[in-house]
Amino acid sequence: MFSQLLPLAALVALTNAHGVILAAQGEPGSPPSVGFRVSDAIARNCTQINPCQQDTTIIRDEEIAAGVVNSCGRTKLTGNIDVGEVTENALAAGAVTQVKAGTKLTVTIHQVNADGAGPYFCDLDEGSNSGIMSKNLTVTNNVPGSNGLSQAQAQDFNITVELPADMRCIGASTGNVCTVRCRNNALAGPFGGCFAVQQIDVEPFNVAHTPGEVKTAETLEEVDFQMINNQAALPAAIEANKKAGTDEQAKNLAAVEAILGLTTTSASFPTLTPTIVQNSAATSTTSSAAAATTTASGRGRNRGNGRNNNNNNNNNNNNNNNNNNANTNAEETDTTAESGNGSGNRFGQFGRRAFPFWG
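Read left to right, the sequence shown gives residues -17 to -1, 1 to 342 (mature numbering (1 follows the signal peptide of the UniProt record, and there is no 0)).
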């Protein structure tokens, strides 16, 4: 009841306490993972909002459902976390811990101040960037606290997160990466973060699978809900995008990236050409490799998302009667935004989907 009565302004004002995932260690000898968008340039000996809380992740189900953020939430400094982008960056940098089914991860959480306390709850996206948290994980040796609150501050805690015995990671470009998400239950949050793990005791998922093998779906209610939210948010989003492209904002971004030492290691990726078989699903074969590995500063801004709408019109000449009816209905509803112009990176957002091809 309290959360229903709490004004939005109060909730915003309360987001001044946090916990950060500093490291996650899997199998011995493998590198540790780091929480997505966590920076080692941020001080850990302080509690104030700036700079000490700027890379803490805020993960709210309401924001995820509304399409404001992806399943791993956002930070105050960098905004929405693009799970696919940060995962590929971590893989290229060799900064993803290796695991097996049943591995017990040691996850180091830095509690900035009061609202970064425990208990922490963890779940698993076996598709890495599918947005489907398919399994809840057992957490032992949890961070002390109740309702996400305690008196601890500027302190590190190690928790143990046990991966499922039936886990099968199939995500990322490697076909064997999962995303682990951990967060507390603070009303001002929840706070926590996500990190990638790479499973080494299974064959990687077939990278040559066809689009028809991706058996995901959203309900009509979910599609309509997201469309309505996207349409309402579009004018403000366009204006914000314009401001983000100004010279002043570009200089500010460059300054922040320089302070944080943000760099991206680029990896080589194969170019796959589908093998076409009539009346059968196409398979992909490797035809050539991409450029050599390089390191560049800055982050991708994902401005190309949702720009393939022309593909949706390939069948305009078919079923003319149905198309005419659809056009009439569209005119009557006077919608102003095209489907496909949403945030783009929210594939599999609502959690009611499944991957029937998982073995």
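All residues carry an ideal CB built from backbone N, CA and C; glycine is no exception.
Nothing here was measured: the structure is a model prediction, and the numbers come from that model.
By the CB criterion at 9 Å, Ile47 and Arg20 fall outside the cutoff. A direct Cα-to-Cα measurement between Ser249 and Ala219 gives close to 33 Å. In chain order, Gly2, Ala100, Val126, Ala135, Gln136, Gln138, Phe140 place their CB closer than 7 Å to the CB of Gln94, counting only its own chain and leaving out the 5 sequence neighbours on each side. Rounded to whole angstroms, the gap between the alpha carbons of Gly158 and Phe178 is 16 Å.
Taken atom to atom, the span from the alpha-carbon of Thr91 to that of Pro257 is near 43 Å. The way I'd put it, the stretch 66 to 86 does touch the stretch 4 to 22; three or more beta-carbon pairs between them come closer than 8 Å. Just so you know, the alpha carbons of Leu107 and Leu120 end up roughly 7 Å apart. With respect to the 9 Å criterion, Gly175 and Ile25 are not classified as neighbours on the basis of their beta carbons. The residue from Phe188, Ala233, Glu196, Leu88 with its alpha-carbon nearest to that of Val163 is Leu88. Note that the stretch 34 to 46 touches the stretch 165 to 173; at least 3 beta-carbon pairs, one per stretch, sit closer than 8 Å. Counting along the chain, Gly175 sits inside the beta strand (DSSP E) bounded by residues 174 to 182. For the pair Cys161 and Lys118, the Cα-to-Cα distance works out to about 11 Å. Counting the other CB atoms within 10 Å of its CB gives Asp44 a total below 16, which places it among the exposed residues. DSSP places Asp106 in the uninterrupted beta strand (DSSP E) bounded by 103 to 108.
In the three-state reduction of the DSSP assignment, Thr80 falls in the strand class. Between the C-alpha atoms of Glu222 and Lys59 there is a straight-line separation of about 20 Å.
Taking 3 residues as the minimum length, the beta strand (DSSP E) runs contained wholly in the stretch 19 to 86 are 80 to 82, in order along the chain. Taking a C-beta distance under 9 Å as the contact criterion, Gln214 and Glu201 do not qualify as a contact pair.
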